[in-house]
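Numbering (our numbering), first residue to last: 94 to 216.
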Amino acid sequence: MILALFVVLAKWLAKRRSYGRVFLGTLLGALLFYLVSNTVSWMVNPAYAKTIAGWVQALTVGLPGFPPTWVFGLKSLLGTGLFTGLFAGAMKWSEALDATEPEPELDDEEEVETPSEPAPETA
Numbered sequence: 094m095i096l097a098l099f100v101v102l103a104k105w106l107a108k109r110r111s112y113g114r115v116f117l118g119t120l121l122g123a124l125l126f127y128l129v130s131n132t133v134s135w136m137v138n139p140a141y142a143k144t145i146a147g148w149v150q151a152l153t154v155g156l157p158g159f160p161p162t163w164v165f166g167l168k169s170l171l172g173t174g175l176f177t178g179l180f181a182g183a184m185k186w187s188e189a190l191d192a193t194e195p196e197p198e199l200d201d202e203e204e205v206e207t208p209s210e211p212a213p214e215t216a
């Protein structure tokens with residue numbers, strides 16, 4: 094199910110490619126992963142009450158004795174955003190380098206002439 098949601102998200106992003114859409118898509122993907130993974134954890138872990146309050150607990154504070162799940166979600170969003178920003182910056186920088194690099198010019202005088210007839214063999 095999560096894979097199908099990511100496919101739909103990717104198709105939406107592919108309609109008009111831009112760095113903003115890629116950044117938004119990666120953040121939505123991280124948020125979607127957080128929601129789905131914590132919802133599945135709530136469904137299969139018997140420590141969570143199978144109520145709306147138990148689901149909210151799974152999405153926010155988690156289980157006693159462990160760090161809150163919102164910290165994991167926040168760090169995931171920050172890491173994803175940082176990596177995507179660095180990747181997009183590297184792509185823009187690479188494009189700028191390609192645009193400023195002059196293309197080699199070929200002079201007509203520098204072309205190597207090839208003989209039209211093969212040289213006779215000497216024995």
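Note that the Cβ used here is the ideal one computed from N, Cα and C, for glycine as well.
inquiry  = Just verifying my parser: in three-state terms, what is the DSSP assignment at K185?
reply    = Looking up residue 185 in the sequence shown gives position 92. Note: K185 maps to helix in three-state DSSP.
query = How about W148 and W135: are their beta carbons less than 8 angstroms apart?
reply = Taking the first residue of the sequence shown as 1, we reach residue 148 at position 55. Taking the first residue of the sequence shown as 1, we reach residue 135 at position 42. Result yes, Cβ atoms of W148 and W135 sit closer than 8 angstroms.
task = Would you check if the stretch 126-134 and the stretch 176-187 touch, i.e. whether three or more CB-CB distances between them fall below 8 angstroms?
result = No contact exists between the stretch 176-187 and the stretch 126-134.
request  = Using 10 angstroms around the beta-carbon of A146, count the other beta-carbons present and answer buried if the total reaches 16, otherwise exposed.
outcome  = Numbered from its first residue, the sequence shown carries residue 146 at position 53. Label assigned to A146: exposed.
task = Using the Cα positions of G122 and V100, report the straight-line distance between them to the nearest angstrom.
result = Working through the sequence shown from its first residue, we reach residue 122 at position 29. Working through the sequence shown from its first residue, we reach residue 100 at position 7. G122 and V100 have their C-alpha atoms spaced approximately 10 angstroms apart.
ask   = By DSSP, does S169 sit in helix, in strand, or in coil?
value = Here residue 169 is taken as the residue at index 76 of the sequence shown, counted from 1. In the structure shown, S169 adopts helical secondary structure according to DSSP, grouped into three states.
request  = State yes or no: is the C-beta of V115 within less than 8 angstroms of the C-beta of A189?
outcome  = Here residue 115 refers to the residue found at position 22 when the sequence shown is read from its first residue. Here residue 189 refers to the residue found at position 96 when the sequence shown is read from its first residue. 8 angstroms or more divides the Cβ of V115 from the Cβ of A189.
message = Quick check on the burial criterion: 16 or more other C-beta atoms within 10 angstroms. Buried or exposed for G172?
response = For the purposes of this step, residue 172 is taken as residue 79 along the sequence shown, with counting starting at 1. By the neighbour-count criterion, in which 16 or more other beta carbons inside 10 Å mark a residue as buried, G172 falls on the exposed side.
inquiry  = According to DSSP, is Y112 part of a helix, a strand, or is it coil?
reply    = Position 19 of the sequence shown, counted from the first residue, corresponds to residue 112. Assignment of Y112 by DSSP, reduced to helix, strand and coil, places it in the helix class.
request  = Determine the burial state of T177: buried for a count of at least 16 other Cβ atoms within 10 Å of its Cβ, exposed for fewer.
outcome  = Sequence index remark: in the sequence shown, residue 177 carries index 84 (1-based). Buried, because 16 or more other Cβ atoms sit within 10 Å of the Cβ of T177.
query = In three-state DSSP terms, what is V154?
reply = Sequence index remark: in the sequence shown, residue 154 carries index 61 (1-based). Coil, per DSSP.
key: Nonlocal neighbours in the same chain, by C-beta distance under 7 angstroms from Q150, ignoring five residues either side   = For the purposes of this step, residue 150 is identified with residue 57 of the sequence shown, where counting begins at 1. Excluding residues within five positions, the ones whose Cβ falls inside 7 angstroms are Y141.
Distance between L124 and K104 (C-alpha atoms, nearest Å) = Residue mapping note: residue 104 aligns to position 11 of the sequence shown, counting from 1. Residue mapping note: residue 124 aligns to position 31 of the sequence shown, counting from 1. Each residue's Cα considered, the two are about 18 angstroms apart.
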